[in-house]
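A.B. asks: Going letter by letter, the sequence shown gives residues 1 to 445 in our numbering.
Dropping a structure here in structure tokens format, bear with me for questions.
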Amino acid sequence: MPNQSSTRIAEPLLGGPVGIHLASAGARFRRGQAYIFAGILGLTTFLALALQGPCMSSGYEQPSASARMCAGSLSAAFLGQVNPEEALGRSHGGMAGLAVLDSRFVQLLKLVTDDVTVFMAIVLLINVIAFAALGVALLVLARQRAWLVAAFASPVILFTLGSTLDPVALALSVWAMVIFVGSSPLTSRPWLSGVLLGLAAFINPLALLVLLALSLAGPRPAGRLCPQDPRMMLATATITSAIILVLDGSAIERIVHWMGDAVDGGSFASILVMARLGTAEVWAPVWIIGSAGVIAAIAISLYMVRRTGLDPAVAACLLIGGCLLLAPGMMPWNSLWILPFFALTVRRWWVLIIWALAETAFAIAIHLGDVNAYESGKGLEPTFVALVTLLRLLALVAVVICAGENLYRRRIRGRLRRIEPPRRAIGDVDGDQAAVSGQEHGNPT
């Protein structure tokens, strides 16, 4: 008798081997899916604008702005507001706490108008355009789009639309990744990626971690992406940064100020300060050094394993997640940076849902904690804020673990490396074509 199992013999009757009917989605399906995701992102953005509505009518006065969940660092700096001393675990804030381009943007618009409503209307318009650009970049970058709903319907968008200009910096960073890897229909232009990342770094330094991820993954990318030399990108990013430093002489002063006022909500350092175990001035350098050490350890690990191919999105998710895990401050606009790379990397629904719930709970808790600092007894006590912060950090640990697990998985547009095709059914003349289609489809985690 032939040395074959009964299942193998019955394959022609059962429709062929497992995976033989898998194929990539057609252009019409992907186009329709893109329209649906664009609608979801539009709905999320509309809800974020509706959240800002009450503050637009009240002039962003505190503590009502925090109670209505629409306060942000840009509106506070424009009005000259700072966080009260009673707000344990929060940075001082104000104009001095803004990034270079954020502060210059506020100062420029102050020359145009003194009305905070007009100022915030301009901010919201810019950030809406930035989120739209971010959504387009993700649709170009992602090979399988079903998981992008985690980014397009994220509650982080609700609480960061009117806070800072981080949506602009994040959109620039993701488009830099798209341009660097040369996702169809674009061609790779490393020099332009460097310019975009150089600009984004002066809104939030987390853009430098995207630059590091592309530098590590460029020479040995995952899948069949073409290798890219990152030297031109690094050169243009350095030149762009040097030009901004020359034009703005306050960059060094802001870095020195930030070193002493780095402890902010959402971090282990803020929990210690809320528990009155030391001061922000003591803990800030400790956690900055710890965060830098984690970045260095992850970068070395990624460099050691990149021989088998390194996915830029996975590398960025690990670097940003590891940085935020020990960073002295992790406000919602900081966790916004991990959102697109998280959606591209982690494909487990339970992790996505836990992260969304943790972000929602923290955003509400941090605003109510500020209300309590302005008017004692009318907000959330620091103990409860610390508890929600701790739960959010545990969710971030799960995100980093899942991203590390997917280190060798390909999540960027492009074909997978050739693997052994499934066995062809007897009499199936199209088996080879179906096997190739199965490889192009990919296996979900």
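Glycine included, every Cβ here is placed at the ideal spot set by N, Cα and C.
Quick caveat, the model's predicted, so the values are computed rather than measured.
(1) Return the first residue and the last residue of the alpha helix (DSSP H) that Phe-342 is part of.
(2) Which two residues bound the contiguous alpha helix (DSSP H) that contains Ile-289?
(3) Given a cut-off of 8 Å, decide if Phe-362 and Gly-278 are closer than it, judged by their beta-carbon atoms.
(4) Just list the alpha helix (DSSP H) runs in the segment 226-270, keeping only unbroken ones of 4 residues or longer that don't cross its boundaries, in chain order.
(5) To the nearest angstrom, how far is it from the Cα of Asp-370 to the Cα of Val-263?
(6) Please report the straight-line C-alpha distance between Gly-72 and Gly-162, rounded to a whole angstrom.
(7) Using the Cα positions of Pro-382 and Glu-253, report the straight-line distance between them to the nearest angstrom.
(8) When you compare each of Gly-94, Met-274 and Ser-270 to Ala-77 by their alpha carbons, which one comes out closest?
(9) For the candidate residues Val-385, Met-69, Val-397 and Ala-200, whose alpha-carbon lies nearest to that of Ala-87?
(10) Let's test the definition: count the other Cβ atoms within 10 Å of the Cβ of Leu-172 and tell me whether it reaches 16, buried, or not, exposed.
(11) With a 10 Å radius around its C-beta and 16 neighbouring C-beta atoms as the bar for buried, classify Val-359 as buried or exposed.
(12) I need the boundaries of the alpha helix (DSSP H) containing Pro-167, first residue and last residue.
(13) Between Gly-194 and chain C, is any beta-carbon pair separated by less than 8 Å?
(14) First and last residue of the alpha helix (DSSP H) that includes Tyr-374?
(15) Between the C-alpha atoms of Leu-393 and Ala-316, what's the straight-line distance to the nearest angstrom?
(16) Can at least three beta-carbon pairs, one atom from the segment 316-329 and one from the segment 130-145, be found at a separation below 8 Å?
(17) Which residue wins for smallest C-alpha separation from Ala-213, given the options Gly-249, Gly-182, Leu-302 and Val-195?
(18) Using a Cβ-Cβ cut-off of 7 Å (strictly less than) and excluding sequence neighbours within five positions of Leu-109, which residues of its own chain qualify?
(19) With a floor of 4 residues, list each alpha helix (DSSP H) that falls wholly inside the segment 126-167, ordered by position along the chain.
(20) Can you confirm whether the segment 388-407 touches the segment 340-351 when touching is taken to mean that 3 or more C-beta pairs between the two stretches lie within less than 8 Å?
(21) On the premise that Asn-204 lies in contact with Ala-169, defined as a C-beta separation below 8 Å, what is that separation, rounded to the nearest angstrom?
(22) Using the three-state DSSP reduction, which class does Pro-221 fall into: helix, strand or coil?
(23) Could you compute how far the alpha carbon of Ala-48 sits from the alpha carbon of Ala-356?
(24) Nearest by alpha-carbon distance to Asn-83: which of Met-304, Ala-373, Ala-176 and Gly-379 is it?
(25) Nearest-angstrom Cα distance between Met-232 and Ile-179?
(26) In its own chain, which residues sit with a C-beta less than 7 Å from the C-beta of Ala-251, not counting the 5 before and 5 after it?
(27) Which residues mark the beginning and the end of the alpha helix (DSSP H) in which Gln-52 is found?
(28) What's the call for Ala-201, buried or exposed, on a 16-neighbour Cβ count within 10 Å?
(29) Decide if the segment 189-196 is in contact with the segment 291-299; the criterion is three or more beta carbon pairs, one per stretch, under 8 Å apart.
(30) Distance check for Thr-45 and Val-128, CA to CA, integer angstroms please.
(31) Buried or exposed, going by whether 16 or more other CB atoms sit within 10 Å of the CB of Leu-125?
(32) Please check the pair Asp-166 and Trp-333, which I expect to be a contact at CB under 8 Å, by giving their CB distance rounded to whole angstroms.
(33) If I measure Cβ to Cβ from Leu-208 and keep anything under 8 Å in the same chain, skipping five residues before and after, which residues do I get?
(34) Look at Ala-222 and Leu-310 and say whether their C-beta atoms are less than 8 Å apart.
(35) Is the closest heavy atom of the ligand NAP to the C-beta of His-367 under 7 Å?
C.D. replies: Here's the rundown:
(1) That run of the alpha helix (DSSP H) goes 339-345.
(2) Looking at the DSSP string, the run of the alpha helix (DSSP H) that includes Ile-289 is 280-305.
(3) Not a contact, by the Cβ cut-off of 8 Å.
(4) If only complete runs of 4 or more residues are kept, the segment 226-270 shows the alpha helix (DSSP H) at 231-247 and 251-260, in order along the chain.
(5) Going by the C-alpha atoms only, they are around 15 Å apart.
(6) Here the alpha carbons of Gly-162 and Gly-72 stand approximately 6 Å from one another.
(7) Answer to the nearest angstrom: the Cα atoms are 31 Å apart.
(8) Closest in alpha carbon position to Ala-77, among Gly-94, Met-274 and Ser-270, is Gly-94.
(9) When C-alpha distances from Ala-87 are compared across Val-385, Met-69, Val-397 and Ala-200, the shortest belongs to Val-385.
(10) Burial check for Leu-172: the Cβ neighbour count within 10 Å reaches 16 or more, so the residue is buried.
(11) It should be pointed out that residue 359 corresponds to Glu in this sequence rather than to Val. Using a 10 angstroms sphere on the CB of Glu-359, the tally of other CB atoms reaches 16 or more, which defines it as buried.
(12) First-last of the alpha helix (DSSP H) with Pro-167: 166-181.
(13) This model lacks chain C altogether; it includes just one protein chain.
(14) Taken as a continuous stretch (DSSP letters only), the alpha helix (DSSP H) holding Tyr-374 covers 349-374.
(15) Spanning the two alpha carbons is a distance of roughly 18 Å.
(16) Contact between the segment 316-329 and the segment 130-145 is absent, because fewer than three Cβ pairs lie under 8 Å.
(17) With distances taken between Cα atoms, Ala-213 lies closest to Leu-302.
(18) Same-chain partners within the cutoff: Phe-119 and Ile-122.
(19) Listed in chain order, they are 149-152 and 155-160.
(20) Touching, yes.
(21) Rounded, the Cβ-Cβ distance is 5 Å, consistent with contact.
(22) Of the three classes helix, strand and coil, the one that applies to Pro-221 here is strand, per DSSP.
(23) Straight-line measurement puts the Cα of Ala-356 at about 15 Å from the Cα of Ala-48.
(24) Of the candidates Met-304, Ala-373, Ala-176 and Gly-379, the one whose C-alpha sits nearest the C-alpha of Asn-83 is Ala-373.
(25) Taking the straight line joining both Cα atoms gives about 13 Å.
(26) Answer for Ala-251: Val-100 and Leu-245, listed in chain order.
(27) Under the DSSP assignment, Gln-52 falls in the alpha helix (DSSP H) whose first and last residues are 27-58.
(28) Around the C-beta of Ala-201, 16 or more other C-beta atoms lie within 10 Å, and the residue is accordingly described as buried.
(29) By the Cβ test, the segment 189-196 is not in contact with the segment 291-299, since fewer than three Cβ pairs between them sit closer than 8 Å.
(30) Taking C-alpha positions only, Val-128 is separated from Thr-45 by approximately 7 Å.
(31) Leu-125 is exposed by the Cβ-count criterion.
(32) Taking a contact as a CB-CB distance under 8 Å, the pair Asp-166 and Trp-333 counts as one, their CB atoms being some 4 Å apart.
(33) Cβ within range, chain order: Leu-197 and Ala-201.
(34) Yes. Within cutoff.
(35) Of the ligands one can find in the structure shown there are none, so the ligand NAP has no counterpart to examine.
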